[in-house]
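In what follows, a single structure is set out as structure tokens and then discussed.
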Amino acid sequence: MTEHPEDARVLHLPTGETVTILRSGRDADGVLEIEGLLPPGLAGPPRHRHRAQTETFTVLEGRLRVTVGRETRVLRVGETAVVPPTVVHAFANPFDEPARIRATEEPAGPLEEQFRALARAGRVPPVRELAAINVRHGLPFALAGVPEAVQRPVWRLLARLHRG
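According to my numbering, the stretch in the sequence shown is residues 5 to 168, in order.
Encoded structure:
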């Protein structure tokens, strides 16, 4: 039986990351669990926050720089960072070796759908599709440093421009 791309468990993102879906957010418990292989020098996502999701990052190999709120630290093998809802955060692998992490999102929000969109897109991030995903889920994702009163109409406009 051929696996459909929307059901694939291993996703290759244009940033060089490989994301393996260990537990889909669509499953009964509503928790997304992934293993990520992050290449050396990965800048990671921009500083952002999630309205209702708690994210947990655990390093399995290598190191991971994590910012949670105003605190930035380097996680080593076996160390974990927990990001409560609404807390601004970011992560990166600025080091010379790959990092392998396990991450969860609870309750699962649009992250799995965003990973799948990025994996399908190729080199150019599908900004309008990502906006449509964010809007479809009630705008749970927001970039840090930009007032939500500005972001929300922009997300909605970009979502309307998406033809998917």
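Cβ coordinates follow ideal geometry from the N, Cα and C atoms, glycine included.
Computed from a predicted model, the values in this text were never measured in an experiment.
Host beta strand (DSSP E) of residue i (start-end)
i: L41; result: L36 to L42
i: L79; result: E75 to L79
i: L17; result: Taken as a continuous stretch (DSSP letters only), L17 belongs to no beta strand (DSSP E), as it is neither H nor E.
i: R27; result: T22 to R27
Residue i, DSSP secondary structure in three states
i: R106; result: strand
i: R164; result: helix
Which listed residue (the options) has its alpha carbon closest to that of residue i
i: V14; options: N97, F119, V128 and V154; result: F119
i: G48; options: G82, F99 and T58; result: F99
i: P151; options: I38, H52, A107 and R67; result: H52
i: L20; options: E83, G113, R167 and A123; result: Looking at the sequence shown, residue 20 is not Leu but Gly. Out of E83, G113, R167 and A123, A123 has the C-alpha closest to the C-alpha of G20.
i: A135; options: R127, G126 and A146; result: A146
i: A112; options: R127, A12, G34 and A121; result: G34
i: A56; options: P88, L115, R132 and G45; result: P88
i: P1; options: G29, E75 and V23; result: This structure gives no information on residue 1, because the portion of the chain shown stretches from 5 to 168.
i: P110; options: V154, T60 and A96; result: The sequence given here has Glu at residue 110, not Pro. The shortest Cα separation from E110 among V154, T60 and A96 belongs to T60.
i: A85; options: N97, E101 and L68; result: L68
i: E65; options: P50, R77 and E39; result: E39
i: V139; options: T58, L42 and L162; result: L162
i: L17; options: R132, P157 and A125; result: A125
i: A94; options: T76, R132 and P102; result: T76
Backbone CA spacing between residue i and residue j [nearest angstrom]
i: V63; j: L79; result: 7 Å
i: H8; j: A107; result: At H8, the pLDDT of 45 sits below 50, so the modelled position is not reliable; the number obtained from the coordinates is stated separately. Going by the C-alpha atoms only, they are around 24 Å apart.
i: R160; j: I137; result: 10 Å
i: G73; j: G149; result: 12 Å
i: V70; j: R167; result: 35 Å
i: P144; j: V92; result: 13 Å
i: R164; j: G142; result: 14 Å
CB contact below 8 Å: residue i versus chain C
i: L134; result: The structure shown has no chain C; it contains just one protein chain.
Restricting to runs no shorter than 4 residues, where is the alpha helix (DSSP H) found entirely within the region 112-162? 115-125 and 131-140
Which runs of the beta strand (DSSP E) spanning at least 3 residues fall entirely within the region 51-96, listed in chain order? 52-54, 58-65, 68-72, 75-79, 84-87 and 93-96
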